[in-house]
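Scroll down for the structure; my scribbles are underneath it.
Protein chains in written order, with the numbering used here: chain G, 50 to 320; chain Y, 14 to 244.
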């Protein structure tokens with residue numbers, strides 16, 4: 050009996066120190082919403098698809114483990130991770146200080162960005178050739194955005210001479226852009242592409258200038274969430290994210306849904 | 014919950030920035046509304062169905078729907094039509110301020126015409142007959158006998174409507190106007206302190222309501238200066 054216990058202890062120790070991380074199971078359970086198009090959703094055959102799903106599978110390939118998806122409602126996502134219902138959250142969850150108090154995050158695999166959208170024929174020049182802000186281009190231009198958002202903060206800091214019109218709902222923003230009440234809007238280009246630019250009513254409009262990726266305004270982005278204390282696994286996931294960023298996989302995943310990329314342009318380790 | 018009294022006091026000066034738009038909205042739409050109300054009233058009193066029916070229809074529509082819905086229809090709805098966007102009224106309707114003035118004026122017109130009608134109907138029949146006996150024509154009787162009395166009778170109800178209009182201007186903040194409520198909502202979104210900021214806004218509104226109430230009270234007293242006071 051004692052020998053058996055010793056054996057079990059050794060087996061347990063081996064299991065925990067092997068570099069495979071959770072190799073004991075050979076599968077990593079991933080929590081995601083399954084309802085958030087186009088990041089994690091079921092296609093018409095009931096198969097899980099989307100950017101988050103692709104990223105999770107790629108990380109699984111890198112770690113050499115099976116990925117098993119668990120569908121979980123958004124408000125219970127972090128509690129379910131903490132209750133060990135699954136091992137990772139890959140659900141378009143933005144990295145915030147508040148969430149970091151409960152769980153750890155990997156490096157970002159998707160950015161938080163802002164971008165301008167305006168009428169094609171207006172020739173808006175908000176940026177110089179080198180990508181810096183062209184303040185003169187904002188002179189006498191009406192910019193629509195949602196009240197007190199990160200975009201509001203950005204424009205007040207970077208283009209204080211623009212005339213800002215503040216909206217409550219994003220739908221009204223698109224409508225007034227179409228109606229010509231505002232010359233351009235500043236928003237999240239992913240949402241704007243799905244709801245507006247790719248639709249018939251968005252035909253005469255386009256993105257103006259580059260994706261703005263300033264983390265002090267928009268945050269670090271979206272990362273993989275995991276329970277605290279799994280530093281070994283975390284560093285291996287970060288290595289995986291670095292790999293899929295650099296080998297172009299993230300670009301391939303994004304271009305299934307968008308005509309642009311949505312990951313950090315340079316792989317950036319978190320502090 | 015923390016409650017910051019200083020935040021209330023500090024936010025009032027910022028709130029005053031929106032006061033200009035609130036008062037402009039109020040005065041423009043009450044003046045235009047009053048003009049509309051007089052026209053509608055005359056149409057209703059004309060006794061000819063071609064004039065009465067459109068007036069009644071207009072009153073029914075604008076009294077029967079919420080101002081917020083009217084503002085949304087005018088602001089979001091009208092630009093859906095090509096001919097509106099190409100039309101002469103577009104410079105007015107393009108601006109949220111113009112849309113709100115249109116909506117509030119039309120609304121005021123409908124309510125105030127009913128208030129005035131109440132005043133007109135309240136004028137004693139005997140006075141009409143006396144005027145007739147003196148040989149005054151119908152327009153003369155309306156201008157010199159009916160109007161002064163009807164106005165006096167209508168003032169209490171009108172002041173009520175005027176104060177309602179002051180509060181209705183807050184709805185302009187839903188279509189991006191930075192009136193006092195719009196400014197307040199923006200501060201709330203930044204400070205996450207809804208109680209303090211909205212209490213500050215309420216204080217400013219109350220100050221104006223009090224002023225207008227006093228003003229109408231004085232006007233009422235002035236208009237009633239010949240009325241014998243019942244003990």
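Ideal Cβ placement from N, Cα and C applies to all residues, glycine included.
Asked: Terminal residues of the continuous beta strand (DSSP E) containing residue 89/G?; Found: 89 to 91
Asked: Does the count of Cβ pairs from the stretch 291 to 303 of chain G and the stretch 162 to 178 of chain Y closer than 8 angstroms reach three?; Found: no
Asked: Please identify the residue among 210/Y, 204/Y, 46/Y, 151/Y whose C-alpha is closest to the C-alpha of residue 122/Y.; Found: 46/Y
Asked: Residues of the stretch 207 to 224 of chain G with a CB closer than 8 angstroms to any CB of chain Y: list them in chain order, please.; Found: 214, 215, 216, 217, 221, 224
Asked: Report buried or exposed for residue 126/Y, applying the criterion of at least 16 other Cβ atoms within 10 angstroms of its Cβ.; Found: buried
Asked: In the stretch 115 to 198 of chain G, which residue ranges form an unbroken alpha helix (DSSP H) of at least 4 residues, counting only runs that do not cross its ends?; Found: 126 to 131, 146 to 149
Asked: Counting beta carbon pairs with one atom in the stretch 90 to 97 of chain Y and one in the stretch 52 to 64 of chain Y, are three or more of them shorter than 8 angstroms?; Found: no
Asked: Within its chain, find whatever has a CB closer than 8 angstroms to the CB of residue 304/G; leave out the 5 residues flanking it on each side and keep chain order.; Found: 310
Asked: Starting from residue 112/G, trace the alpha helix (DSSP H) both ways and give me its first and last residue.; Found: 100 to 112
Asked: Counting contacts by CB-CB distance shorter than 8 angstroms, is residue 213/Y in contact with chain G?; Found: no
Asked: Does residue 230/G get closer than 8 angstroms to chain Y when you measure Cβ to Cβ?; Found: yes
Asked: With which residues is residue 214/G paired in a DSSP beta bridge?; Found: 193/G
Asked: Residue 292/G lies in the beta strand (DSSP E); which residues open and close that run?; Found: Premise fails: residue 292/G lies in the alpha helix (DSSP H), 280 to 295, not in any beta strand (DSSP E).
Asked: What three-state label does DSSP hand residue 205/G in the structure shown?; Found: helix
Asked: Just by C-beta distance, which residues in the stretch 49 to 69 of chain Y are closer than 7 angstroms to chain G?; Found: none
Asked: Whether or not the stretch 281 to 291 of chain G and the stretch 145 to 162 of chain G are in contact is what I'm after, with contact meaning three or more pairs of Cβ atoms, one per stretch, closer than 8 angstroms; do they touch?; Found: yes
Asked: Assuming contact is defined by CB atoms lying nearer than 8 angstroms, are residue 3/Y and residue 80/Y in contact in what I supplied?; Found: The structure shown does not extend to residue 3/Y, since chain Y is modelled only from 14 through 244, so no value can be given for it.
Asked: Report the three-state DSSP secondary structure of residue 234/G (helix, strand or coil).; Found: strand
Asked: Among 83/G, 281/G, 76/G, 91/G, which one has its Cα closest to the Cα of residue 122/G?; Found: 83/G
Asked: Classify residue 307/G as helix, strand or coil using the three-state DSSP reduction.; Found: coil
Asked: By the three-class DSSP mapping on this structure, what secondary structure does residue 189/Y have?; Found: coil
Asked: Does the Cβ-Cβ distance between residue 118/Y and residue 36/Y come in under 8 angstroms?; Found: no
Asked: List, in chain order, every chain B residue whose beta-carbon is nearer than 7 angstroms to that of residue 202/Y.; Found: The structure shown contains no chain B; the protein chains it does contain are G and Y.
Asked: What ranges does the beta strand (DSSP E) occupy inside the stretch 14 to 100 of chain Y, keeping only unbroken runs of at least 3 residues that lie completely in it?; Found: none
Asked: Looking at chain G, is there any beta carbon in it that lies within less than 8 angstroms of the beta carbon of residue 89/Y?; Found: yes
Asked: Provide the residue span of the beta strand (DSSP E) that contains residue 255/G, from first to last.; Found: 254 to 261
Asked: Hey, quick one: how far does the alpha helix (DSSP H) through residue 159/Y stretch, first residue to last?; Found: Element bounds for residue 159/Y: n/a, residue is neither H nor E.
Asked: How would you list, in chain order, the residues of chain G whose beta-carbon sits under 7 angstroms from the beta-carbon of residue 92/Y?; Found: 228
Asked: Looking at residue 235/G and residue 176/G, is the spacing between their C-beta atoms short of 8 angstroms?; Found: no
Asked: Determine, using beta carbons only, whether residue 189/Y comes closer than 8 angstroms to chain G.; Found: yes
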